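> Take this structure first; my questions come after.
Number of protein chains: 2
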Amino acid sequence: MFDNCVNKSLEAKFEALEADNAPGQEVRQDLGVLENVMRGGKLKGVPVDFSHGDVNAFTPTPDSENYWLEGFKQGGSQAYTEYRGALSVREILAKRLEKFTNTPVLPDSELILTPGTQGALFLALGATVASGTKVAIVEPDYFANRKLVKFFGGEVVPVPLCYLGEPSENGLNFNTLEKAFKNDTKVLVFSNPNNPTGIVYSEEVINKIAVLANKYNATVIVDQLYSRMLYNGEIYAHLRACKVRPKNLITIMGPSKTESLSGYRLGVAFGTSKIIDRMERLQAIVSLRAAGYNQAVFKTWFNEPKGWLENRIEQHEAIRDELLEVFRGANLKTATPQAGSYLFPKLPALSVDLNTFVRLLRYQANVTVTPASEFAPHLNDSIRLNFSQDHDAAIEAAKRIVKMVEIYAL
Amino acid sequence: MFDNCVNKSLEAKFEALEADNAPGQEVRQDLGVLENVMRGGKLKGVPVDFSHGDVNAFTPTPDSENYWLEGFKQGGSQAYTEYRGALSVREILAKRLEKFTNTPVLPDSELILTPGTQGALFLALGATVASGTKVAIVEPDYFANRKLVKFFGGEVVPVPLCYLGEPSENGLNFNTLEKAFKNDTKVLVFSNPNNPTGIVYSEEVINKIAVLANKYNATVIVDQLYSRMLYNGEIYAHLRACKVRPKNLITIMGPSKTESLSGYRLGVAFGTSKIIDRMERLQAIVSLRAAGYNQAVFKTWFNEPKGWLENRIEQHEAIRDELLEVFRGANLKTATPQAGSYLFPKLPALSVDLNTFVRLLRYQANVTVTPASEFAPHLNDSIRLNFSQDHDAAIEAAKRIVKMVEIYAL
Numbered sequence: 073m074f075d076n077c078v079n080k081s082l083e084a085k086f087e088a089l090e091a092d093n094a095p096g097q098e099v100r101q102d103l104g105v106l107e108n109v110m111r112g113g114k115l116k117g118v119p120v121d122f123s124h125g126d127v128n129a130f131t132p133t134p135d136s137e138n139y140w141l142e143g144f145k146q147g148g149s150q151a152y153t154e155y156r157g158a159l160s161v162r163e164i165l166a167k168r169l170e171k172f173t174n175t176p177v178l179p180d181s182e183l184i185l186t187p188g189t190q191g192a193l194f195l196a197l198g199a200t201v202a203s204g205t206k207v208a209i210v211e212p213d214y215f216a217n218r219k220l221v222k223f224f225g226g227e228v229v230p231v232p233l234c235y236l237g238e239p240s241e242n243g244l245n246f247n248t249l250e251k252a253f254k255n256d257t258k259v260l261v262f263s264n265p266n267n268p269t270g271i272v273y274s275e276e277v278i279n280k281i282a283v284l285a286n287k288y289n290a291t292v293i294v295d296q297l298y299s300r301m302l303y304n305g306e307i308y309a310h311l312r313a314c315k316v317r318p319k320n321l322i323t324i325m326g327p328s329k330t331e332s333l334s335g336y337r338l339g340v341a342f343g344t345s346k347i348i349d350r351m352e353r354l355q356a357i358v359s360l361r362a363a364g365y366n367q368a369v370f371k372t373w374f375n376e377p378k379g380w381l382e383n384r385i386e387q388h389e390a391i392r393d394e395l396l397e398v399f400r401g402a403n404l405k406t407a408t409p410q411a412g413s414y415l416f417p418k419l420p421a422l423s424v425d426l427n428t429f430v431r432l433l434r435y436q437a438n439v440t441v442t443p444a445s446e447f448a449p450h451l452n453d454s455i456r457l458n459f460s461q462d463h464d465a466a467i468e469a470a471k472r473i474v475k476m477v478e479i480y481a482l
Numbered sequence: 073m074f075d076n077c078v079n080k081s082l083e084a085k086f087e088a089l090e091a092d093n094a095p096g097q098e099v100r101q102d103l104g105v106l107e108n109v110m111r112g113g114k115l116k117g118v119p120v121d122f123s124h125g126d127v128n129a130f131t132p133t134p135d136s137e138n139y140w141l142e143g144f145k146q147g148g149s150q151a152y153t154e155y156r157g158a159l160s161v162r163e164i165l166a167k168r169l170e171k172f173t174n175t176p177v178l179p180d181s182e183l184i185l186t187p188g189t190q191g192a193l194f195l196a197l198g199a200t201v202a203s204g205t206k207v208a209i210v211e212p213d214y215f216a217n218r219k220l221v222k223f224f225g226g227e228v229v230p231v232p233l234c235y236l237g238e239p240s241e242n243g244l245n246f247n248t249l250e251k252a253f254k255n256d257t258k259v260l261v262f263s264n265p266n267n268p269t270g271i272v273y274s275e276e277v278i279n280k281i282a283v284l285a286n287k288y289n290a291t292v293i294v295d296q297l298y299s300r301m302l303y304n305g306e307i308y309a310h311l312r313a314c315k316v317r318p319k320n321l322i323t324i325m326g327p328s329k330t331e332s333l334s335g336y337r338l339g340v341a342f343g344t345s346k347i348i349d350r351m352e353r354l355q356a357i358v359s360l361r362a363a364g365y366n367q368a369v370f371k372t373w374f375n376e377p378k379g380w381l382e383n384r385i386e387q388h389e390a391i392r393d394e395l396l397e398v399f400r401g402a403n404l405k406t407a408t409p410q411a412g413s414y415l416f417p418k419l420p421a422l423s424v425d426l427n428t429f430v431r432l433l434r435y436q437a438n439v440t441v442t443p444a445s446e447f448a449p450h451l452n453d454s455i456r457l458n459f460s461q462d463h464d465a466a467i468e469a470a471k472r473i474v475k476m477v478e479i480y481a482l
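Residue numbers (our numbering), protein chains in the order written: chain A, 73 to 482; chain B, 73 to 482.
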């Protein structure tokens, strides 16, 4: 009945937004049917949900709830901010983001506070993608990028990422990217560090992206969500700090990951003021603003207690190293995450399809992961883990994954 | 430069989202130029911002911050909920909304928690409006409805509202509405109580809407944001409780107004499960979920201390009555708000246009209001006040409005 009264395009649009395998939605799946394909018994162990970070294991930035309470007590002025967020908060953040990215940020015109980095991505793509706009999407990359482009009526132009070679070989396929720009691709969106692989683009690659985007007048949206959690010896290059910079550039960040503040839904986008203006207009009809009281928690960001960030990075690096040992020890090819807490091991040929294997992992082994197909439609041989988890539980769960691979290997 | 690299449709789309006169955005206006048209000196008085409720005058539901803190302390399970919101919260709310609307609500399939009612409206229209969809919009009505339809590529079909007659005469023009449905209008969206006038649709009118929508298989989205603050002697009819109910119906509510919880950005939508499913898929790419910790504050809703709601209604009714006296005493025709805290006085012919008068009000008289044109494009003779303000300050500010009308009357 509902189908009769909406047009087909709407039906197709929402089919493309299918979210049953999206991280966090696993609870809506019916796992009962797995009994028919399951081999052997259940594997015992502490349940680990690698679909997102565990904020009970790595807790929110110290005192975040007190900053929140300060915001609440401030009352009306904090409840009803401009749609782009409270100016007082933007002024503080602009300075810190300027320092972090080595490039000026104007608090009034070049910065918007959003409901999480998801909100920032939605607004940035909504502000730059219309019906027919060609958008270069890295594969694999954050699953929502592709969905957003389709939702706004744009056309996805895939650009493959090399991530399983030597660090010097990793990066975008520049031939494909330049060809895309020549063929009228107007927007490039990508995450750095890359989600799901954890690789960081080299300074050379970032510079090359900047030069190409500038040459073809393309808009670049770069999602730097995990850029603060940079592992020992790694170097991070900010696209916005390049000598030749794209004229239309939006950088997206937020305190949901490294800082475990996801429960507050906070993100920022900063860059070209004309795009920021559009993003604010869109925010006005999407959800008005990031929750007012929550905006006050931004004050903790880039302002953590001394040593806190270094310690957090060290702890994640230790988990990373041990996970790499487990997976590589079982011959599962895995890129070394250079930043962030994503890990993307490649599986051998299995007797069940990837989605079934992922569901079996949850049902039989108490391990939740995200299938590679969420990050690149044709990729069906890898799984993504967010290893911001209790150290020991994560390693045990990784061993169960290896065991499950052995059980279901062809 | 930016214009070169995006298509024209995007430019037009964002022009239609112009938000300079939207409530809360006044701070971004340059008022200096007003010196040239200003007559006489500034009018002294406590500044009053009628563009939204004053949560310092009418404070949030008691203990909301402690409920929030409980959510925060719950940790991961409250930070990462399903996109449609925590099931534990939905189970509590479904029962309360069922009681309030006299109609069952299934917590798992018929209810979604959203970032404010703005978020709910965005998702509901995004789930039902595609390129070319005709949508009936009441005029005047909440300004974002029209913008949302345009943003999703739909076509606005205006349906006039009569609101300045006797209560029995007030309501929709049913000839226009039925003609619209006959001409392939697939969606009707409206607020009840009406924003900006404060009138409540009679049971008869609501029934007639339900019957018509059902007859023509139209989807109805009804924004009942202010339906709890019902004044003495008034009766509220829930569309979803009608005997003949539209098959596709979404009801939207939230605790931002009567309960002054706007700083938390919380709203709900409930109704047809297929639409709720789509709304969740859209939520997944818009901002994932209503801020996790904030969702815990829903537990205060429909659960306020005994007498709290009655007291709040009484206080607003007293302000309403005195404001009506002030405006009607100056011959400004004003509908009697039957619920909520919006008031929509009609102004006489002025020597300046409405936007200039509204800016003068702010600059010269320290009073912020919203121009009628935000609620109906061709309406330029009224202003909207949200009178959820400090009682005395509101009355004094209303007197300054009357004085300003006298100064600028033709």
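All C-beta atoms, glycine included, are put in the ideal place defined by N, C-alpha and C.
The structure displayed is predicted, hence computed values, not measured ones.
Could you check which residue in B/K287, B/V316, B/S334, B/V358 has the C-alpha nearest to that of A/G339?
Minimum Cα distance to A/G339 is reached at B/V358.
> Using the beta-carbon count (16 or more within 10 Å), is A/F246 buried or exposed?
When all chains shown are included, A/F246 counts as exposed.
> What three-state label does DSSP hand B/M301 in the structure shown?
It is coil, neither helix nor strand.
> Skipping 5 residues on each side, what residues in its chain have a beta carbon closer than 8 Å to that of A/S240?
Excluding residues within five positions, the ones whose Cβ falls inside 8 Å are S274.
> Suppose you measure from the CA of A/A363 to the CA of A/F342; what does that come to, to the nearest Å?
Their Cα atoms are separated by approximately 19 Å.
> Mind pulling the chain A residues with CB within less than 8 Å of B/H124?
Going along chain A in sequence order, the residues near B/H124 (Cβ under 8 Å) are Y152.
> Return the chain-ordered ranges of every alpha helix (DSSP H) run that is complete within the region 414-461 of chain A and spans a minimum of 4 residues.
With a minimum length of 4 residues, the continuous alpha helix (DSSP H) runs that stay inside the region 414-461 of chain A are 426-437.
> Could you check whether the Cβ of B/L195 sits closer than 7 Å to any Cβ belonging to chain A?
Not an interface residue.
> Thinking B/L457 and B/F122 are a contact (beta carbons under 8 Å), I'd like their distance in whole angstroms, please.
Contact flag correct, Cβ pair sits at about 4 Å.
> Within 7 Å (strictly less), CB to CB, does B/P443 reach chain A?
Judged by the 7 Å Cβ criterion, B/P443 is not in contact with chain A.
> Just to confirm before moving on: does the CB-CB distance between A/V161 and A/Q367 stay below 7 Å?
Yes; because the gap between Cβ atoms is below 7 Å, this pair is in contact.
> Consider the Cβ of B/Y298: report whether some Cβ of chain A lies at a distance smaller than 7 Å.
Judged by the 7 Å Cβ criterion, B/Y298 is not in contact with chain A.
> Identify, in the order they occur along the chain, each residue of the same chain with its Cβ nearer than 7 Å to the Cβ of A/L422, setting aside the five sequence neighbours on each side.
Correct list, in chain order: F429, Y480, A481, L482.
> Counting only beta-carbon atoms, is B/A216 nearer than 7 Å to chain A?
Cβ-Cβ to chain A under 7 Å: yes for B/A216.
> Can you give me, in chain order, the residues of the region 126-152 of chain B that have a beta carbon less than 7 Å from any beta carbon in chain A?
Cβ contacts with chain A: D126, V127, N128, E137, L141, F144, G147, G148, Q150, A151, Y152.
> Using only CA atoms, which one of A/A407, A/F416, A/E142, A/P134 lies nearest to A/S445?
Nearest option by C-alpha distance: A/F416.
> Does any residue of chain A have a CB that is nearer than 7 Å to the CB of B/N366?
Yes, because at least one Cβ of chain A sits closer than 7 Å to the Cβ of B/N366.
> Mapping DSSP to helix, strand and coil, what is A/F74?
For A/F74, the predicted structure reports a pLDDT of 43, less than 50, and the residue's modelled location is therefore unreliable. A value from the coordinates is still provided. Of the three classes helix, strand and coil, the one that applies to A/F74 here is coil, per DSSP.
> Identify each residue in the region 92-118 of chain A for which the Cβ-Cβ distance to at least one residue of chain B is less than 8 Å, and report them in chain order.
The residues in question are A94, G96, Q97, V99, R100.
> Under a CB-based cut-off of 7 Å, is B/V358 close to chain A?
It does; some Cβ of chain A falls within 7 Å.
> Within the same chain, show all residues whose beta-carbon is closer than 8 Å to that of B/M73, passing over the 5 residues directly before and after it, in chain order.
Since pLDDT at B/M73 reaches only 39, below the 50 mark, its modelled position is unreliable, and no value is offered.
> Within this structure, are the beta carbons of B/D256 and B/K319 separated by less than 7 Å?
For B/D256 and B/K319, no; Cβs fall outside 7 Å.
> Assign A/N266 to one of two classes, buried (16 or more other C-beta atoms within 10 Å of its C-beta) or exposed (fewer than that).
With 16 or more Cβ atoms within 10 Å of its Cβ, A/N266 is classed as buried.
> From B/G260 to B/A208, what does the alpha carbon distance come to, in whole angstroms?
In the sequence as presented, Gly is not what sits at residue 260 of chain B; that position holds Leu. About 5 Å.
> Rounded to whole angstroms, what is the Cα-Cα separation between A/R431 and A/I324?
Spanning the two alpha carbons is a distance of roughly 32 Å.
> Give the secondary structure of B/G343 by DSSP, where H, G and I count as helix, E and B as strand, and everything else as coil.
Correct three-state label for B/G343: strand.
> In whole angstroms, what separates the C-alpha of B/R483 from that of A/W373?
Nothing in the structure corresponds to residue 483 of chain B, since chain B is present only between 73 and 482.
> According to DSSP, is B/A158 part of a helix, a strand, or is it coil?
Of the three classes helix, strand and coil, the one that applies to B/A158 here is coil, per DSSP.
> Note down, in chain order, all residues in the region 324-338 of chain B with a beta-carbon under 7 Å from any beta-carbon belonging to chain A.
Answer in chain order: S334, G335, Y336, R337.
> If contacts are defined as beta-carbon pairs under 8 Å, then A/I467 and A/E394 qualify, I think. What distance do you get, rounded to the angstrom?
Yes, A/I467 and A/E394 are in contact; Cβ-Cβ is about 5 Å, under 8 Å.
> Using a 10 Å radius around the Cβ and a threshold of 16 neighbouring Cβ atoms, would you call A/W380 buried or exposed?
Exposed.
> List, in chain order, every chain B residue whose beta-carbon is nearer than 8 Å to that of A/A363.
Under the 8 Å cutoff, chain B gives P187, G335, Y336, R337, A363, N366.
> Can you name the residues of chain A whose CB is closer than 9 Å to the CB of B/G191?
By Cβ distance, chain A contributes P187, V358, S359, L360.
> Name the two residues that bound the continuous alpha helix (DSSP H) containing A/A252.
Looking at the DSSP string, the run of the alpha helix (DSSP H) that includes A/A252 is 246-254.
> Under a Cβ-count criterion, where at least 16 other Cβ atoms within 10 Å of its own Cβ denotes burial, should A/H124 be classed as buried or exposed?
Classification for A/H124: buried.
> When Cβ atoms are compared, which residues of the region 198-209 of chain B fall closer than 9 Å to chain A?
Here the close residues are G198, A199, T200, V201, A202, S203, G204, T205.
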